[in-house]
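Asker:
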Amino acid sequence: MTLDHALIDELLAIRALGGLDDDDAARLERELLAHGDCDECRRLEAEHAEVAGMLAFALDPLPVDEGMADRILAHEQRTKQGPDGAAAAPADELSRRRDARLGRWRAAFGVAAAVALVLAFVLATRPEGGNQVPGTIVTFEGAPGELAMAYTPGERDALVWGTGLPDPGTGKVYELWMFENGKPVRAACLTPTDGAVAAHLDADLSSAELMAVTVESTDCPAAPTTDPVFTAELA
Amino acid sequence: MTLGRTRHEPMGSAEPSGTPDEALLQRVGAGDERAFRELFARYAAVAHALAFRLVRQAQVAEEIVQEAFLAVWRTPERFDPSRGSVRSWLMGTVHHRAVDAVRREQAQRRRADQAAALVPRIADDPTDDVLSALDLPRERRLVQEALAGLPDEQRDVIYRMYFDGMSQSQIAERTGLPLGTVKSRTLLAMRRLRINLGEAAP
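For the record, the sequence lines run as chains A and B. So the first sequence is numbered by the working numbering: it starts at -4 and just counts up by one. So the second sequence is numbered by the working numbering: it starts at 53 and just counts up by one.
Listed below in structure tokens is the structure:
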């Protein structure tokens, strides 16, 4: 762990260009967590993001299908209403997301910085009392808010944390699922406090290909009964 | 030139309002479809070029752009102005998705040569920039000049990493350079680009 910003500067530059390897991505997250609420880290991240964002403008623009914007807006209306008034089945939705072949890995700096204190609490209260952050961090996509999970492939030890999550509703909780061979396996039930959750997960993720979160009743059913609100693909 | 949160000159085909991106995104958050369409018109074609440059498959590139803008429409609150501009957020989203797609399907690389003739062109020869400068939108000209102003070895790393979607270790393996050299060249290139982009501004 370093106390200056040289390493963070270098790794943020590479991450902004999409070139960071997994081990260095985990290293960067550990460094950022160690720096906590760090103005200089945010400044460096913003600078590199701006330069990287500009690079795309070196390309000749490639016109898109004129109907794409209409399709996006129409798709959203269909999603809200549901086809024939019914919501898509969870498995359909998960399958669609997998088939989209789009990445679910996202840079987790934003999450990490925002919930450093929550994570520190979780680390301190883990059963083993360890203070090492698992090496791989994956962030979820879906509902508003930020949800992330840190784990080490092959080890029964993961941390889940989130902020800004919507209230699941009276008598409801968030339930986390691991998908193994396409089948959901219950992983944890999460009850947010002021939109924040943090939990230690004692589960073997080695054969999980996808994580998903649904809103369920507080008795945490053994199988999902609603559409997923968050999903994350695992490496 | 301030790289972040500048008033952007519309580059798309929609009716330009000159409204700053951040204001448009706020309106998107309130469900304003016109604001969404304007952001889409400003950036969709560049986002599409970037996605296609990386994945080299038209359908996948379109899916990436559509997913990225769908995310903008659904969750504009994910934008954090302390971490850059709307433009960099959008392009970063598209780039991340495209790179992820590339790495999931490395086999796509085999199709690269077939699609090479269709790939959006980057002017490698600075002479091209001079000759065509008057025809290029100002922003594109600035970026191309900034890239052309990099030392060859730094520009090569930027091209491989950003435009070809290669990771730091893939570049080291492909070029035979030590990984540490790839990293240091990347940082130097990004610093130089920031300076070049800044100096190129009026």
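All C-beta atoms, glycine included, are put in the ideal place defined by N, C-alpha and C. Please read all numbers here as calculations on a predicted model, not as lab measurements.
Can at least three beta-carbon pairs, one atom from the region 83 to 94 of chain B and one from the region 28 to 46 of chain A, be found at a separation below 8 angstroms?
Answerer: No, the region 83 to 94 of chain B is not in contact with the region 28 to 46 of chain A.
Asker: Any idea if Val106 (chain A) is buried or exposed, counting beta-carbon neighbours within 10 angstroms, 16 or more meaning buried?
Answerer: Looking up residue 106 (chain A) in the first sequence gives position 111. The predicted model places Val106 (chain A) with a pLDDT of 45, which falls under 50 and marks its position as unreliable, so this point remains unresolved.
Asker: Does the region 210 to 230 of chain B come within contact of the region -2 to 17 of chain A, defined as at least 3 CB pairs closer than 8 angstroms?
Answerer: The region 210 to 230 of chain B is in contact with the region -2 to 17 of chain A.
Asker: Quick test of the definition: if touching needs 3 or more C-beta pairs under 8 angstroms, does the region 242 to 249 of chain B touch the region 201 to 209 of chain B?
Answerer: The region 242 to 249 of chain B, when compared against the region 201 to 209 of chain B, does touch it at the 8 angstroms Cβ threshold.
Asker: Can you name, in chain order, every residue of its own chain whose Cβ lies under 7 angstroms from the Cβ of Gly140 (chain A), other than the five neighbours on each side?
Answerer: As a working note, residue 140 (chain A) is residue 145 in the first sequence. The residues are Gly157, Thr158, Gly159, Leu160, Pro161 and Gly190.
Asker: Which chain B residues are close to Arg37 (chain A), counting only those with a beta carbon under 7 angstroms from its beta carbon?
Answerer: Taking the first sequence and counting its residues from 1, one reaches residue 37 (chain A) at position 42. Simply Ser134 and Arg135.
Asker: DSSP puts Pro56 (chain A) in a beta bridge; with which residues?
Answerer: Your numbering for residue 56 (chain A) matches position 61 in the first sequence. According to DSSP, which records beta bridges pairwise, Pro56 (chain A) is partnered with nothing at all.
Asker: Mind checking whether Leu57 (chain A) and Ala101 (chain B) have CB atoms under 7 angstroms apart?
Answerer: Counted from its first residue, the first sequence places residue 57 (chain A) at position 62. Counted from its first residue, the second sequence places residue 101 (chain B) at position 49. Yes; because the gap between Cβ atoms is below 7 angstroms, this pair is in contact.
Asker: Quick check on DSSP: helix, strand or coil for Met63 (chain A)?
Answerer: As a working note, residue 63 (chain A) is residue 68 in the first sequence. If DSSP states are grouped into helix, strand and coil, Met63 (chain A) belongs with the helices.
Asker: Give the straight-line distance between the Cα atoms of Glu74 (chain B) and Ala41 (chain A), rounded to the nearest whole angstrom.
Answerer: Counted from its first residue, the second sequence places residue 74 (chain B) at position 22. Counted from its first residue, the first sequence places residue 41 (chain A) at position 46. If you take the alpha carbons of Glu74 (chain B) and Ala41 (chain A), they lie about 15 angstroms apart.
Asker: Shorter than 7 angstroms from the beta carbon of Gly9 (chain A) to some beta carbon of chain B?
Answerer: In the first sequence, residue 9 (chain A) corresponds to position 14, counting from 1. Just to set this straight, residue 9 (chain A) is Ile in the shown sequence, not Gly. Chain B, which has a Cβ nearer than 7 angstroms to the Cβ of Ile9 (chain A), makes this yes.
Asker: Using a Cβ-Cβ cutoff of less than 7 angstroms, which residues in the same chain neighbour Ala153 (chain B) once the five nearest sequence positions on both sides are dropped?
Answerer: Residue mapping note: residue 153 (chain B) aligns to position 101 of the second sequence, counting from 1. Closer than 7 angstroms at the Cβ level, and outside the excluded window around Ala153 (chain B), lie Val107, Val112 and Ile116.
Asker: Could you tell me whether the Cβ atoms of Met173 (chain A) and Ala183 (chain A) are closer together than 7 angstroms?
Answerer: By 1-based counting over the first sequence, the position of residue 173 (chain A) is 178. By 1-based counting over the first sequence, the position of residue 183 (chain A) is 188. Against a cut-off of 7 angstroms, the Cβ pair of Ala183 (chain A) and Met173 (chain A) comes out as no contact.
Asker: Is it true that the CB of Glu204 (chain A) sits closer than 7 angstroms to the CB of Leu229 (chain A)?
Answerer: The residue labelled residue 229 (chain A) in the question sits at position 234 within the first sequence. The residue labelled residue 204 (chain A) in the question sits at position 209 within the first sequence. Going by C-beta atoms, Leu229 (chain A) is nearer than 7 angstroms to Glu204 (chain A).
Asker: Less than 7 angstroms between CB atoms is the rule here; does Gly48 (chain A) satisfy it with respect to chain B?
Answerer: Mapped onto the first sequence, residue 48 (chain A) falls at position 53. It does; some Cβ of chain B falls within 7 angstroms.
Asker: In the structure shown, what three-state DSSP assignment does Leu160 (chain A) receive?
Answerer: Taking the first residue of the first sequence as position 1, residue 160 (chain A) is located at position 165. Three-state DSSP puts Leu160 (chain A) in coil, outside helix and strand.
Asker: How about Leu229 (chain B): is its C-beta nearer than 7 angstroms to some C-beta of chain A?
Answerer: Residue numbering aside, residue 229 (chain B) sits at position 177 when the second sequence is read from its first letter. With 7 angstroms as the cut-off, Leu229 (chain B) does not count as an interface residue toward chain A.
Asker: Based on DSSP bridge pairs, tell me the residues matched to Tyr169 (chain A).
Answerer: Numbered from 1 along the first sequence, position 174 holds the residue referred to as residue 169 (chain A). Answer is A:Leu185 and A:Val210, bridged to Tyr169 (chain A).
Asker: Which residue from A:Thr186, A:Thr147, A:Thr165 and A:Gly177 puts its Cα closest to that of Asp199 (chain A)?
Answerer: Numbered from 1 along the first sequence, position 204 holds the residue referred to as residue 199 (chain A). Residue A:Thr147 is the option with its Cα nearest to Asp199 (chain A).
Asker: With a CB to CB cut of under 6 angstroms and the five nearest residues on each side skipped, what residues in its chain are close to Pro163 (chain A)?
Answerer: For the purposes of this step, residue 163 (chain A) is taken as residue 168 along the first sequence, with counting starting at 1. Cβ neighbours of Pro163 (chain A) beyond the five flanking positions: Tyr169 and Val210.
Asker: Compute the Euclidean distance between the alpha carbons of Leu23 (chain A) and Ala1 (chain A), then round it to the nearest angstrom.
Answerer: In the first sequence, residue 23 (chain A) corresponds to position 28, counting from 1. In the first sequence, residue 1 (chain A) corresponds to position 6, counting from 1. So the two alpha carbons sit approximately 11 angstroms from each other.
Asker: Note down, in chain order, all residues in the region 11 to 28 of chain A with a beta-carbon under 8 angstroms from any beta-carbon belonging to chain B.
Answerer: Going along the region 11 to 28 of chain A in chain order, one finds Ala11, Leu12, Gly13, Gly14, Leu15, Asp16 and Asp19 with a Cβ nearer than 8 angstroms to chain B.
Asker: Helix, strand or coil for Pro216 (chain A) per DSSP?
Answerer: Here residue 216 (chain A) refers to the residue found at position 221 when the first sequence is read from its first residue. Of the three classes helix, strand and coil, the one that applies to Pro216 (chain A) here is coil, per DSSP.
Asker: Is Glu157 (chain B) helix, strand or coil by DSSP?
Answerer: Here residue 157 (chain B) refers to the residue found at position 105 when the second sequence is read from its first residue. DSSP places Glu157 (chain B) in coil when its eight states are reduced to three.
Asker: Just tell me which of B:Phe131, B:Glu197 and B:Gly144 has its CA closest to the CA of Arg246 (chain B).
Answerer: Along the second sequence, one-based indexing puts residue 246 (chain B) at 194. Among B:Phe131, B:Glu197 and B:Gly144, the Cα nearest to that of Arg246 (chain B) is on B:Glu197.
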